[in-house]
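As numbered in the UniProt record's numbering, residues 1 to 203 make up the sequence shown, in order.
Beta carbons: idealized from backbone N, C-alpha and C, even for Gly.
Computed from a predicted model, the values in this text were never measured in an experiment.
First comes the structure, then the notes that go with it.
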Amino acid sequence: MGTISLDLFLTLDGVYQGPGGADEDPSGGFSLGGWQAAFADAESGAAIMEGINDMDALLLGRRTYDIFARYWPQRVNSNPIAEKFNSMDKYVVSRTLEGAGWDGTTVLSAADKAAQLKERHEDIHVVGSGALAGSLLAAGILDRLNLFLYPITLGSGKRVFANGSGVPAAFTLAAEPQAFPSGVVRLVYERSGIPVTGLDAGD
């Protein structure tokens with residue numbers, strides 16, 4: 001049985017919107033895209049690439065899929081990330097998308113259908129896709145969080161599990177935290193049940 005992991009580049013105030021470029025995701029008037037670039041270093045780049053190499057399927061929400069589908073096919077396998085993304089199986093969750101133009105993509109009509117992917121793939125990764133991540137968590141399908149935490153605050157932008165999305169869940173640290181020269185920290189957590197609140201902890 002495979003696992004579904006959520007990969008997120010996060011600011012200290014929880015923003016994940018538009019890390020890669022100024023025009024990546026300007027929705028909602030977001031004007032701070034491309035904030036990740038200032039923290040690039042060889043060590044964190046290698047860690048990100050290691051995770052990409054390990055995945056055998058990509059699961060995306062509609063907005064992130066549209067961003068990726070515009071960008072990566074145009075790179076024509078010009079770098080290892082493009083080669084991996086363009087060649088692997090991809091799934092997009094959407095109630096309105098009737099067909100997908102990015103080769104190798106299957107459309108799923110609802111987030112809970114993603115559970116079936118664990119029977120076909122070993123290492124499925126959700127990248128960005130905050131709304132989808134909340135739905136997967138609520139459905140009990142999301143197994144792991146791969147978080148790259150950046151030493152910056154933006155004050156605005158999309159935040160994962162915002163506005164009541166998702167459900168209460170507990171996670172345990174699944175790997176030794178990694179700190180990189182740029183100040184970025186990688187944290188890996190696995191789902192471990194329900195939270196223990198202060199009241200429960202006193203019993």
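- The three-state reading of DSSP puts Thr64 in helix, counting H, G and I together.
- Checking the DSSP bridge columns, you'll see Thr106 partnered with Tyr91.
- The DSSP-derived three-state label of Asn79 is coil.
- Ranked by Cα distance from Glu43, the first of Pro26, Glu24, Ser182, Arg191 is Ser182.
- When DSSP states are grouped into helix, strand and coil, Arg144 belongs to the strand group.
- Here DSSP, grouped into helix, strand and coil, assigns Gly130 to helix.
- If you draw a straight line from the Cα of Pro73 to the Cα of Thr105, it is about 12 Å long.
- By DSSP's assignment, Tyr189 forms a beta bridge with Leu145, Leu173.
- For Asp54, the enclosing alpha helix (DSSP H) starts and ends at 42 to 54.
- When the beta-carbon positions are compared, Ala139 and Ala170 stay at least 8 Å from each other.
- For the options Ala47, Lys84, Arg159, Val127, the alpha carbon positioned closest to that of Gly28 is the one of Arg159.
- Boundaries of the beta strand (DSSP E) harbouring Ile4: 3 to 11, taken from the DSSP string.
- When only Cα atoms are considered, Ile52 and Ile81 end up about 7 Å apart.
- Taking 8 Å as the cut-off, the Cβ atoms of Leu154 and Trp35 count as close.
- Arg144 and Leu173 have their C-alpha atoms some 10 Å from each other.
- In the structure shown, Tyr71 adopts helical secondary structure according to DSSP, grouped into three states.
- Only buried fits Ile4, as 16 or more other CB atoms lie within 10 angstroms of its CB.
- Within a 10 Å sphere around the beta-carbon of Leu12 sit fewer than 16 other beta-carbons, which makes this residue exposed.
- Looking only at Ala179, Ile124, Leu60, the smallest Cα-Cα distance to Asp41 is reached by Ala179.
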